[in-house]
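Novice:
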Amino acid sequence: MSAEFDSTRSTRDYQASDAAHHIHAFVDQKALNEEGPRVMVSGDRLALWDNDGKRYLDGMSGLWCTNLGYGRKDLAAAATAQLEQLPYYNMFFHTTHPAVIELSELLFSLLPKHYSHAIYTNSGSEANEVLIRTVRKFWQVMGKPEKKIMIGRWNGYHGSTLAATALGGMKFMHEMGGTIPDVAHIDEPYWFAHEGNLSPEEFGLQAARQLEEKILELGADKVAAFVAEPFQGAGGMIIPPATYWPEIQRICRKYDVLLCADEVIGGFGRTGEWFAHQAFGFEPDTLSIAKGLTSGYIPMGGLILSRRMAEALVEKGGVFAHGLTYSGHPVAAAVAIANLKALRDEGVVTQVKTDTGPYLQNCLREVFGNHPLVGEIQGVGLVAALQFAEDKASRKRLVNENDIAWRCRTIGFEEGLIIRSTLGRMIMAPALIATRPELDELIDKTRIAVDRTAREYGVL
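Sequential numbering of the sequence shown, starting at 1, is according to full-length UniProt numbering.
1) Between which residues of its own chain and G124 is the CB-CB distance below 7 Å, once the five residues before and five after are set aside?
2) If the criterion is Cβ atoms closer than 8 Å, does the pair V141 and L305 meet it?
3) With 16 as the cutoff for other CB atoms within 10 Å, does T294 come out buried or exposed?
4) Going straight from the alpha carbon of N402 to that of A389, what length do you get?
5) Report the rounded CA-to-CA distance for K144 versus K222, giving the unit in angstroms.
6) Looking at I448 and G59, is the spacing between their C-beta atoms short of 8 Å?
7) Around the Cβ of I321, are there at least 16 other Cβ atoms within 10 angstroms (buried) or fewer (exposed)?
8) Give the range of the beta strand (DSSP E) segment to which I151 is assigned.
9) For the alpha helix (DSSP H) holding M173, just list the boundary residues, first then last.
10) Let me check understanding here. Comparing Cα to Cα, which of I23, N51, A25 lies closest to residue 463?
11) Assess, as a yes-or-no matter, whether the stretch 352 to 369 is touched by the stretch 402 to 411 under the definition of 3 or more beta carbon pairs within less than 8 Å.
12) In the DSSP assignment, the beta strand (DSSP E) including V223 goes from what residue to what residue?
13) Given a cut-off of 8 Å on the beta-carbon distance, is the pair R209 and E247 in contact?
14) Kindly give me the distance between the Cβ atoms of A261 and P230, rounded to whole angstroms, as I take these residues to be in contact under 8 Å.
15) Can A184 and I132 be called in contact, C-beta distance under 8 Å?
16) DSSP three-state label for T165, please.
17) With distances taken Cα to Cα, identify the nearest neighbour of Y457 among A79, W154, L423, V399.
18) In its own chain, which residues sit with a C-beta less than 6 Å from the C-beta of L340, not counting the 5 before and 5 after it?
19) Suppose contacts are defined by Cβ-Cβ distances below 8 Å. Is T356 in contact with L382 by that definition?
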């Protein structure tokens with residue numbers, strides 16, 4: 001029974017039951033129980049409504065995933081039709097089904113031609129778990145089983161499962177359950193925080209060359225892959241300087257290290273290109289995908305392999321000792337097909353590239369370019385971040401930047417806006433269908449939240 005049919009149930013009742021049965025993600029559960037979570041009950045386009053009837057503009061696309069917004073009847077219809085025809089079957093037992101075949105045909109028509117095969121999962125975390133195993137299997141097949149070490153970046157995020165957490169570089173996550181062997185990290189390309197006296201271009205090269213130093217330190221014969229997000233999402237929506245990715249690719253090719261792009265957030269139009277690596281000008285060997293694949297309407301992820309890797313695994317790999325009960329689930333595949341067709345046929349990705357993406361980026365710089373609380377504005381397409389700082393010219397960061405950003409996020413909710421705070425940065429990533437008026441509302445409410453925050457802390 002959906003929430004709309006039980007309108008007599010109070011928010012406090014829902015909150016009490018939630019507290020009795022759930023442990024939420026990335027939150028102090030005791031504190032959340034005292035506060036009480038918002039109970040969201042409906043959505044349409046970029047808008048959400050809670051159980052008390054309050055409207056919110058979702059500036060984060062859920063968790064970077066509702067690329068087509070809320071309330072798409074075509075996606076719901078695709079799920080219903082598939083549920084009625086074939087609600088489930090697996091890809092074990094030498095079987096397949098039309099939905100997953102047709103999804104792959106469509107997906108690879110949108111991907112660059114040097115990719116050929118997919119391994120489907122249920123999430124981005126699982127995609128990156130499969131990545132680690134698949135990369136190591138590839139090097140075994142290639143006669144180099146000693147190439148096992150995966151290099152990630154500090155402050156990178158690749159999911160919440162054990163291996164994906166280890167691959168990511170968030171140390172507070174490593175404290176919960178430890179990590180796994182044969183994983184190393186280099187610094188993130190965060191110019192505002194770590195630039196010293198270098199220009200962005202010089203810093204981009206310096207940050208990239210840390211990878212070469214780490215490969216030489218560990219031994220190129222032992223390093224399997226470098227794994228990173230084209231832009232860092234959960235780590236603060238950090239966009240590297242233009243010099244960074246071409247140099248990373250040169251280094252990976254020089255030492256025969258696989259270059260693996262985590263496209264879980266960046267994929268399916270977020271940057272104005274179908275995939276974020278295209279916006280940043282490099283060519284990965286693998287792509288981890290999820291989120292925008294189905295616009296978040298149903299769980300699905302996957303690992304995309306280059307022809308080089310796939311052909312080696314197929315021709316010489318023997319049994320691929322991996323499988324998931326719900327890999328290539330027919331209902332998820334049907335929703336993904338409807339989602340990708342809508343993104344393609346409605347010109348959504350093109351609109352982000354040529355219209356709404358540039359509009360958002362320009363407006364943010366006009367509104368916040370001289371704001372006393374904002375030290376830097378980064379963004380591409382429909383993703384952006386405001387860096388809070390004590391002094392813009394010297395790039396001096398606020399000692400209590402996390403508290404200030406969290407307060408701004410909280411004020412945003414009070415104003416009916418959902419944006420995210422991470423490491424002193426305010427992040428936004430609205431649905432890709434956003435119109436200019438909807439982006440105007442996002443910017444206006446963000447300005448109100450930032451101004452209120454600045455006044456509270458005596459900055460404005």
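From the three backbone atoms N, C-alpha and C, an ideal C-beta is built for every residue, glycine too.
Specialist: This is what the structure holds:
1) Around G124: G159, V264, S288, A290, K291, G301.
2) A distance of 8 Å or more separates the beta carbons of V141 and L305.
3) Counting Cβ neighbours within 10 Å, T294 comes out buried, since at least 16 surround it.
4) Linking N402 to A389 through their CA atoms gives a straight-line distance of about 11 Å.
5) Cα to Cα, K144 sits roughly 9 Å from K222.
6) No, the Cβ-Cβ distance between G59 and I448 is not below 8 Å.
7) It should be noted that the sequence gives Ala, not Ile, for residue 321. A321 is classed as exposed because its beta carbon has fewer than 16 other beta carbons within 10 Å across all chains shown.
8) It spans 149 to 153 - the beta strand (DSSP E) in which I151 sits, taken as one unbroken run.
9) Note, M173: alpha helix (DSSP H), 171 to 174.
10) Outside the shown range of the chain (1 to 460) lies residue 463, about which nothing can therefore be said.
11) Contact between the stretch 402 to 411 and the stretch 352 to 369 is not established, with fewer than three Cβ pairs separated by less than 8 Å.
12) Residues 223 to 228.
13) Contact: yes.
14) Right, their Cβ atoms sit about 6 Å apart.
15) No.
16) It is helical.
17) Nearest of A79, W154, L423, V399 to Y457, Cα basis: V399.
18) Closer than 6 Å at Cβ, skipping near neighbours: L106.
19) L382 sits close to T356, with the two beta carbons spaced by under 8 Å.
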